[in-house]
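Residue numbers for the sequence shown, in numbering that gives the first Met the number 0: 0 to 227.
See below for the structure under consideration.
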Amino acid sequence: MINNEERLEILKSLLTLGVEIPCFDGIIIDKTVTVGADTIILPNTILIGETKIGKGCVIGPNSYICDSEVGDNTKLNNTQSYSSQIGSGVTAGPFVHIRPNCKIADNVHIGNFVEVKNSTVDEGSKLPHLLYVGDSDVGKDVNFGCGCVTVNYDGRNKSRTTVKDGAFIGCNTNLVAPVTVGENAFTAAGSTITQDVPDNALAVARNRQTIKENWVNIKKPYKRQHEK
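Structure (structure tokens):
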């Protein structure tokens, strides 16, 4: 770990290369890290190991990037990335965790409270919020609704999930691996998918809603007596 004097020297040297650092507070960048011109590094950002940051990026605030490659014009806000590749034009954060062995392609959007692990996410796909995508291969222009999970672990083995180009994963869908969602397929909100979904199909895996009229009055007559 570098001392404070070395830290300041590294930051000043980056300024001469066209990197913008509006405030030095909390920023630590290893000597082994490279940062492209016109990239902005915001406070409380740590870049370590063999990290490479492209041109025109915005990194931070509060981001930790370790042994990762980041393309041009990417924005990582409150993001942690370990031993992964992140393409150009990506937006991630706040509160994103990219675990080792991920490949995030160009123009992917990863929103708040998302964890990605040992997965590939192809161009233009959207992982907007409250997701876990683990051991998965996500195609191009895929959209995940809020609260989806790739269920990759059965207590003994970890299996992969495949989501092909153009698929739409409805809110609160569980994809129980190993499973494949075909091209342009849809899953209905609240579904637990345990079988492959064909191309262009809609998968609905949930019970129909049941309405029991006057259930409260029948179930809890003591409440009515008490109110009297």
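Virtual Cβ for every residue (Gly too), placed ideally from N, Cα, C.
Treat the numbers as computed from the prediction; the structure is a model and nothing was measured.
Starting from residue i, trace the beta strand (DSSP E) in both directions and tell me its first and last residue.
| i | result |
| --- | --- |
| Asn-111 | Element bounds for Asn-111: n/a, residue is neither H nor E. |
| Leu-130 | 130 to 133 |
| Val-150 | 148 to 150 |
| Thr-161 | 160 to 162 |
| Val-228 | Any question about residue 228 goes unanswered here, given that the chain covers just 0 to 227. |
Would you list the one or two residues that DSSP bridges to residue i?
| i | result |
| --- | --- |
| Cys-241 | Given a span of 0 to 227 for the chain in the structure shown, any question on residue 241 remains unanswerable. |
| Thr-186 | Ile-168 and Ala-202 |
| His-251 | The structure shown has nothing for residue 251, since the chain only spans 0 to 227. |
Name the two residues that bound the continuous alpha helix (DSSP H) containing residue i.
| i | result |
| --- | --- |
| Val-196 | Where Val-196 is concerned, there is no enclosing alpha helix (DSSP H), given that its DSSP letter is neither H nor E. |
| Thr-15 | 3 to 15 |
| Asn-231 | In the structure as shown, the chain starts at 0 and stops at 227, and residue 231 therefore has no counterpart that could be examined. |
| Val-215 | 214 to 218 |
Can you have a look at residue i and say buried or exposed, based on whether 16 or more other CB atoms are within 10 angstroms of its CB?
| i | result |
| --- | --- |
| Cys-22 | exposed |
| Tyr-152 | exposed |
| Glu-49 | exposed |
| Asp-121 | buried |
| Ile-64 | buried |
Who are the Cβ neighbours of residue i in its own chain at under 8 Å, not counting the five residues just before and after it?
| i | result |
| --- | --- |
| Glu-19 | Asp-37, Thr-38, Ile-39 and Ile-40 |
Apart from the five residues just before and just after residue i, which ones in its own chain have a Cβ nearer than 7 Å to its Cβ?
| i | result |
| --- | --- |
| Glu-5 | none |
| Asn-183 | Gly-165, Ala-166, Asp-198 and Asn-199 |
Leaving out the 5 sequence neighbours to the left and right, which residues in its chain are closer than 6 Å to residue i when beta-carbon positions are compared?
| i | result |
| --- | --- |
| Gly-25 | Pro-42 and Asn-43 |
| Thr-90 | Lys-74 and His-108 |
| Asp-71 | Gly-53, Lys-54, Gly-55 and Ser-87 |
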